[in-house]
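Written out below as structure tokens is the structure these notes cover.
Protein chains: 2
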Amino acid sequence: MSSIAEELAKKQKEISVAEFFEKNKHILGFDSATRALISTVKEAVDNSLDACEEAGILPEIYVDVKKINQNDYRIVTEDNGPGIVKKQIPQVFGRLLYGSRFHSIRQARGQQGIGISAVVMYSQLTTGKPAKIRSKIHGSDVARDISLMLNTKKNRPELINGDFVIWDKEHGTRFEVQVRGKYVAGKQSVIEYLKGTAIVNPHAQITYVAPDGSRIVFQRASEQLPPQTREIMPHPEGIELGELLNMAKDADSIKMSSFLVNDFSRISHRVAREILELAEIPQSQSPKRLTLDQAKGIIDAIKKVKIMAPETDCLSPIGPSLIKKGLKNVLGELKAEFYAPPVTREPRVYAGNPFIVEVGIVYGGHLSKDNQVQILRFANRVPLLYQQGACVITKAIEAIDWRRYGLEQRGGRGIPYGPAIILVHVASTKIPFTSESKEAIANIEVIQQEIELAIKACGRRLRTHLNKADRKAKTRVKFDIVQEILPMIAKKSAKIVGKPVPKLNGTITKIMNVVWIDDSVEYSKKRHKITINVYNYTPKQRNFEIVLVIPNSGSSAISKAEPQPKIEKNGMVLCWPIKRLPTTEMMRITIELSGLDKDAYDENEIYISGIDPVHVIGAEALPGDWDVDKLVVTEALVEEIVEEEEEEEADYDEQGEVLSDEG
Amino acid sequence: MSSIAEELAKKQKEISVAEFFEKNKHILGFDSATRALISTVKEAVDNSLDACEEAGILPEIYVDVKKINQNDYRIVTEDNGPGIVKKQIPQVFGRLLYGSRFHSIRQARGQQGIGISAVVMYSQLTTGKPAKIRSKIHGSDVARDISLMLNTKKNRPELINGDFVIWDKEHGTRFEVQVRGKYVAGKQSVIEYLKGTAIVNPHAQITYVAPDGSRIVFQRASEQLPPQTREIMPHPEGIELGELLNMAKDADSIKMSSFLVNDFSRISHRVAREILELAEIPQSQSPKRLTLDQAKGIIDAIKKVKIMAPETDCLSPIGPSLIKKGLKNVLGELKAEFYAPPVTREPRVYAGNPFIVEVGIVYGGHLSKDNQVQILRFANRVPLLYQQGACVITKAIEAIDWRRYGLEQRGGRGIPYGPAIILVHVASTKIPFTSESKEAIANIEVIQQEIELAIKACGRRLRTHLNKADRKAKTRVKFDIVQEILPMIAKKSAKIVGKPVPKLNGTITKIMNVVWIDDSVEYSKKRHKITINVYNYTPKQRNFEIVLVIPNSGSSAISKAEPQPKIEKNGMVLCWPIKRLPTTEMMRITIELSGLDKDAYDENEIYISGIDPVHVIGAEALPGDWDVDKLVVTEALVEEIVEEEEEEEADYDEQGEVLSDEG
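Printed below as a string of structure tokens:
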């Protein structure tokens, strides 16, 4: 039997990381010929975008996919990025787990140092052909031209050819491979990936030549690069014990206090002192001598000391207006009924990494009622097309009771049905992908919670809209009867019995007993015209206030307001006191807005106060303790409602882990 | 700008594979404290089972989970495996991508050489504690005792302590770590993982001591090891071009012909000759000189030449009776209405790796009608608890129109609703997991197809059962009226009008007009008693045949049959010709079976032929061109129906890739 143990021992050997991934290419996103083609384009384009942004260059990217025989495609990508220095080219393209972004804490598309070398490996595995790379850096006369393959046993590049060539481009990189692939249209396709990329990267110009020779240019929609993200130190929240011990061992600082201040973000000298005191560690102790128990003490102290939330300038959210644009773009020619104002949450931290969640929802109109809602997932401005079922975004959507927000859902769990698209973007200095193919975000509890809160905030606006539409529709019938049929009946009856037509106002108000608010937005001559008609169909005179929340893009202005609002804050919140509106009478408010995009405003957000909201159709009660005099902006309002809900959900949070563990 | 390229170049560096996984521990299955605990137990137990089976030892495994403080658990596993030789211990436990099973083609739980070292890494990351390993090989006086950590920068073990100790065990391995974890009950828990493992590994004895001190022993249910799986050469089907080129470069053979015969499975000398002729390569050419074009020629030739399906002795399916047992075990005290006979498909190949799919379905009874069906996933006899949404098993289930099989499903897509559990096992020499955490199988087209076919074969039996139940229930009402109420009415009417009771036979047969087959199975005194009552409720005399399919476990026997069947094949298929059964008469068949487990048989499978099946309630028509005289076994029957369907679905197969690409 000892021979068996020895027999087994003989078989034990090292597995090269490249061999591992060659045999597990599905882990890298090459599990089908269709996906392989998309993954190839994606890895190359993501690298180009990262390089351009790091160098502060507005990206100009060219993608060409050509069919070269029954199964194989040639893919070329070219960018105007800063280029790659000669010595690094083989390493960057011909070696797995080699890269510049793994060790830095900063939002980037690439993180792992795997993607593009994986493409090279897949290419040689399926077509036997080397990859060709051309790169030129600024100030250089010539470009470097290289053909290389990846030696999977050693995980090292093997140069096939190297040359210097003239390239009429100031700087940039060109990448060419041949891969076995399959070209399809549909939701999971090269063009959909590029479209999604263009939407959330409006500063990029992307030219795409498809296998049929057709050329599509995604024009740059903005000349501004997104604010450059800053590299930061790890945030102390969620740091692992082992990580802390390693950091201390490698620290340059000679004192514990300076180690904490220098090697973490958001630890001031005061906070460092507090932590060390709680952990009973002398400030002047060398970090190299930090013991296991001391490290545990620090971890415990971090939980007790108040530490600022992470910096946000390491993150680059998409922002509400681009999210809405993105959703419109997905709809194309189709019209929607309602765009819920997108929500961008405050940054949070998981395991030392800050992250931000953004959500947008579009509803109704031409969207199909019979299918599950469509989910659009983005991570660090990259569209995620595969592995939807594995993604925490999907889990979060499934965990919400959508019946509360007006969508159909069996048992209050699972992906809801209905005419809606839900867009979720997660931005982080490190996205915890479920695998190296970077198509699904792992099930991290705090990330799921944030996504749920963002979706719920957005969902509440959807609910408000649907309630309003629903109540209006129901009351509309009554309204029609009261307004048209009742007078006709009265007239006819009067004629028959030969008596004068009776006054119906009292009867009408008794039947209706509501304040009816009928509003509209129209766009013409570069202006948004808002009309709000207020009917008092109650039996008595009424006093109340009407609040209108409008978007403020900075360049927008109120060009007309009739009557003038009593209160106006930030050009966003307007308030009219309605005084002594007699029974059966009506008053009208008209506003004209200039300087807004047509698409930026298509539904009024109207609130009322000073009247029991059950008597009002067409506006919601001013929520919570929202006081007209304190009015700030819509987001504050949303935030306030969210916080209320957060309190409600404290129970949920406590058992959050168990819930999020669903598989 | 050149400075930017150079700036970026400075940041480029190598990423150690251990560093990579330390920062991406969620990829390894450590994304939550709950899951981390399960992953820890799982990796250790899977290793123990693999080692025992490779050494031909009946596994005896001990698992102990103890809470040691608020967040941390100590986990100990111990096995009676062959042990690990001294020199290898540090490598096996303290180095990622190191193992014995990666380079061999054979069914095993571990494949990657990552799992157990990942546990060691997670342990030190979260608790700072080293792992303790004790191992003893047969014939050795002492065991080796080691404490070690994993140096993540180098991906190498670091010995903390090493010793020799006396261990009163002949051979085996003990593993102890401390990890941050969370202990929960429910579908995703240590106990569920162990229960699932015990079900599909009945040869293993597993003792579990839970944190509350309770001890559960999963008794060995079989003294037989599953047949030892044989290591094989890659099957030529689906081999990649780059792989072929590498294999040729490394070949020991000096001629192409012997290279093909020696380094692949199922290539005979004749097949090798055929391939080389088609590819226009001389048989005597050295494999080392194989060119890219020649390799392409071989790949093309492989597709044209008839090559035998892969060997099956490299695979170890669970088998129908264990699948059924497994499903019963899941139900526990609950009773089900129907167990569809489990289906084990023939082996198929993806990318050179043979695989087998098995499916079992249980329906009705105490199972809840209101939820989605429960899915039980297994890969190489390991239960998969997480990442259900990412798994090809789930995709296959979602792609089936379950309305055809009697389950509720909106739009014919998605996980169906209804009182059912679906168990799917995929066994392969290499399971293509979506990530290193080995919790979901990747979306490989041919695997999805096989799963769908297996499920449909099983689903058809479910549909047959439901149809039968449904028709019987409907006809039962009629039957009751005819059998009981009609005669009563006749009697009373006759009394009232003072006339003799009329003969009702003609009336009854006119109303019913069916052959009614009423059957039952009872188990007592270690025998299954089968009764089949055949009523001719048609207006004329009938001739037809009744076919009964019974299980044959090898040890079972028919101890009584009344009347004797005319045909009997393999002790599994019995046939009685029913000759001239007069109208309104009944005949009875009784059978006694001995030697079968009580659970192995609980519903009769009855077919009829020689009569229009619309006139028969309680049996299905003999399907297709299934001829009583050619009868073999149930699986052949299932196979036949499956093949019919396969033809129907040829269209589907052709666009399979697109469909399977759904994300």
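Chains as they are written, first to last, in the numbering used here: chain L, 1 to 663; chain C, 1 to 663.
Every residue, glycine too, gets a C-beta built ideally from N, C-alpha and C.
Just so you know, these numbers come straight off a predicted model, no measurement behind them.
So residue i and residue j are in contact, right, with Cβ under 8 Å, and what is the actual spacing, rounded?
| i | j | result |
| --- | --- | --- |
| Ala427 (chain C) | Thr434 (chain C) | With 8 Å as the limit, Ala427 (chain C) and Thr434 (chain C) do not qualify as a contact, their Cβ atoms being about 18 Å apart. |
| Gly113 (chain C) | Gly99 (chain C) | 3 Å |
| Leu423 (chain L) | Val359 (chain L) | 7 Å |
| Phe338 (chain C) | Gly319 (chain C) | Not confirmed; about 20 Å, so no contact. |
| Ser286 (chain L) | Arg273 (chain L) | Their Cβ separation, rounded to whole angstroms, is 17 Å, which puts Ser286 (chain L) and Arg273 (chain L) out of contact at 8 Å. |
Report the three-state DSSP secondary structure of residue i (helix, strand or coil).
| i | result |
| --- | --- |
| Asp625 (chain L) | Interpretation of Asp625 (chain L) is limited by its pLDDT of 49, a score under 50 that renders its predicted location unreliable; the figure taken from the coordinates is listed afterwards. The answer is coil: DSSP assigns Asp625 (chain L) none of H, G, I, E or B. |
| Asp263 (chain C) | helix |
| Phe218 (chain C) | strand |
| Trp516 (chain C) | strand |
| His269 (chain C) | helix |
| Glu311 (chain C) | coil |
| Glu639 (chain C) | Model confidence at Glu639 (chain C) stands at a pLDDT of 48, short of 50, so the residue's coordinates are unreliable and nothing is read from them. |
| Arg404 (chain L) | helix |
| Lys540 (chain L) | coil |
| Glu592 (chain C) | strand |
| Glu6 (chain L) | helix |
| Val633 (chain C) | Bear in mind that a pLDDT of 38 at Val633 (chain C), under 50, signals an unreliable position, so the number given afterwards is only what the model happens to contain. Three-state result, Val633 (chain C): coil. |
| Tyr386 (chain L) | coil |
| Thr229 (chain C) | coil |
| His528 (chain C) | strand |
| Leu548 (chain C) | strand |
| Gln205 (chain C) | strand |
| Ser117 (chain C) | helix |
| Tyr417 (chain L) | strand |
| Tyr193 (chain C) | helix |
| Gly459 (chain L) | helix |
| Thr291 (chain C) | coil |
Should residue i and residue j be called a contact, given that it needs their Cβ atoms to be closer than 8 Å?
| i | j | result |
| --- | --- | --- |
| Ile356 (chain L) | Ile307 (chain L) | no |
| Lys67 (chain L) | Tyr193 (chain L) | no |
| Val165 (chain L) | Ala143 (chain L) | yes |
| Lys154 (chain C) | Ser265 (chain C) | no |
| Asp313 (chain L) | Val179 (chain L) | no |
| Ile517 (chain C) | Ile606 (chain C) | yes |
| Thr197 (chain L) | Glu19 (chain L) | no |
| Thr583 (chain C) | Asn536 (chain C) | yes |
| Phe259 (chain C) | Ala118 (chain C) | no |
| Asn533 (chain L) | Arg580 (chain L) | no |
| Gly668 (chain C) | Gly389 (chain L) | Lying before the first or after the last residue shown, residue 668 (chain C) is absent from chain C, which here runs from 1 to 663. |
| Ser147 (chain L) | Ile84 (chain L) | no |
From the DSSP secondary-structure annotation, give me the bridge partner or partners of residue i.
| i | result |
| --- | --- |
| Lys468 (chain L) | None, per the DSSP bridge assignment. |
| Met587 (chain C) | C:Val534 |
| Leu669 (chain C) | Since the displayed chain C opens at 1 and closes at 663, residue 669 (chain C) lies outside it and no answer follows. |
| Gln180 (chain L) | Contrary to the premise, residue 180 (chain L) reads as Arg rather than Gln in this sequence. DSSP lists L:Asp72 as partners of Arg180 (chain L). |
| Gly99 (chain C) | L:Lys13 |
| Ile441 (chain L) | L:Phe433 |
| Ala143 (chain C) | C:Val165 |
| Val424 (chain C) | C:Val359, C:Arg377 |
| Gln112 (chain C) | According to DSSP, Gln112 (chain C) bridges with nothing at all. |
Give a yes or no on whether 8 Å exceeds the smallest Cβ distance from residue i to chain A.
| i | result |
| --- | --- |
| Thr126 (chain L) | Protein chains in the displayed structure are L and C, and chain A is not among them. |
Exercise for review: Ignoring anything shorter than 3 residues or poking outside the segment 321–363 of chain C, list the beta strand (DSSP E) runs there in chain order.
Suggested key: 338–344, 348–350, 353–363
Exercise for review: Ignoring anything shorter than 4 residues or poking outside the segment 26–80 of chain L, list the alpha helix (DSSP H) runs there in chain order.
Suggested key: Counting only runs of 4+ residues, the alpha helix (DSSP H) found wholly inside the segment 26–80 of chain L occupies 33–54, in chain order.
Practice item. May I have a chain-ordered list of the alpha helix (DSSP H) segments no shorter than 4 residues that lie completely inside the segment 557–581 of chain C? Key: none
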